[in-house]
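The structure appears below as C-alpha cells.
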Amino acid sequence: MRILERIIGSNKYYWELTKLRLQVWANSLARSEAGVTLDIPPNSVHFDISKALKKAKPSAPPTAPDLGLNVQPAYPYPFPPFGGFPYPFAVPPMPYGGNPYAMLPMQMPGALPGLPYPVSPGPARNLPKLSLEAFCLRYEVSDATFAKLKTLEYEPGDSGVEKMPQTEWEKVGFTWLGWHQFLKVHRSFVKEAA
C-alpha cells in the first residue's frame with residue numbers, strides 16, 4: 008500500500024494512493040494543471056482533507072529514558088528458542104550475514120562451484136571400457152559428431168551427458184536434433200552394456 012503524506016498547517020494528513028487517485032494525479036500532470044507536481048497532488052475531491060486516512064499533530068519522536076545501562080539481549084536471534092531461558096551453550100554466528108531471509112545461489116547436489124550441473128565421475132563402473140573411436144564405429148556415429156564428442160571429452164557410458172545443459176553442447180556445434188540423436192545412441196549403449 009502506497010501512502011501520500013502532506014503537512015497542511017500544523018497537521019499531517021495521509022491518503023492511500025489507490026489506482027483511482029494515481030490516475031487522477033497522472034491525468035492532472037499530463038494536462039499540466041497549475042500547481043500539480045510529482046510531489047503535490049491536484050486540487051481534487053479525491054485528495055480532499057475529508058478523504059484523508061488520519062491526521063496527526065507533528066511531535067518529537069519518543070525517546071526511551073537513558074538508564075545508563077548497555078543492555079544486550081540474552082540471545083542473538085529474534086526469538087527465544089528455549090522458552091525465554093538462556094542458551095545452555097555458546098551461540099553460533101547467525102547464518103547469511105545476519106539476514107535469515109537471504110538465500111544462497113541455487114546449486115544442484117554434486118555440482119562443482121561455478122558449474123550449474125553435476126559432474127559425472129566418468130563411465131559407470133559396470134560398463135565395459137570402450138574408446139570413443141570404437142563407440143563411434145560400433146554405433147555408426149558420423150565423423151562430425153565424433154569431433155564434437157571429442158571436444159566435449161565424452162567417454163562412452165558417461166552419465167554426465169544426460170544432464171548437460173543445452174548451452175554446453177551448443178558451444179561445440181550440436182543442434183537440438185543432433186544432440187538428441189546422440190543421446191539415443193548413448194542410452195542404447197548403456198542399455199546393452201548393463
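Under our numbering, think of the first position of the sequence shown as 8, with each following residue one higher. Beta carbons are placed, not taken as given, at the ideal position from N, Cα and C, and that holds for glycine. Being a predicted model, the structure only gives us computed values, none of them experimental.
Cβ neighbours of V148 in the same chain (closer than 8 Å, five flanking residues each side left out): F142, L156, F189 and V192
Given L60 as reference, the closest of A154, L36, A151 and N18 once Cα atoms are compared: N18
F196 beta carbon less than 8 Å from that of G167: no
C-alpha distance - I10 paired with T182, whole-angstrom precision: 53 Å
Bridge partner(s) assigned by DSSP for W22: L11
From K58, E175, R38 and E12, residue whose alpha carbon lies closest to that of I47: E12
Exposure of Y21, with buried meaning 16 or more beta-carbon neighbours within 10 Å: exposed
Residue span of the alpha helix (DSSP H) that contains E169, given as start and end: G167 to K170
Neighbour-count burial assignment, M171, 16 or more Cβ in a 10 Å radius: buried
Where R28 falls, given that 16 or more other Cβ within 10 Å makes a residue buried: buried
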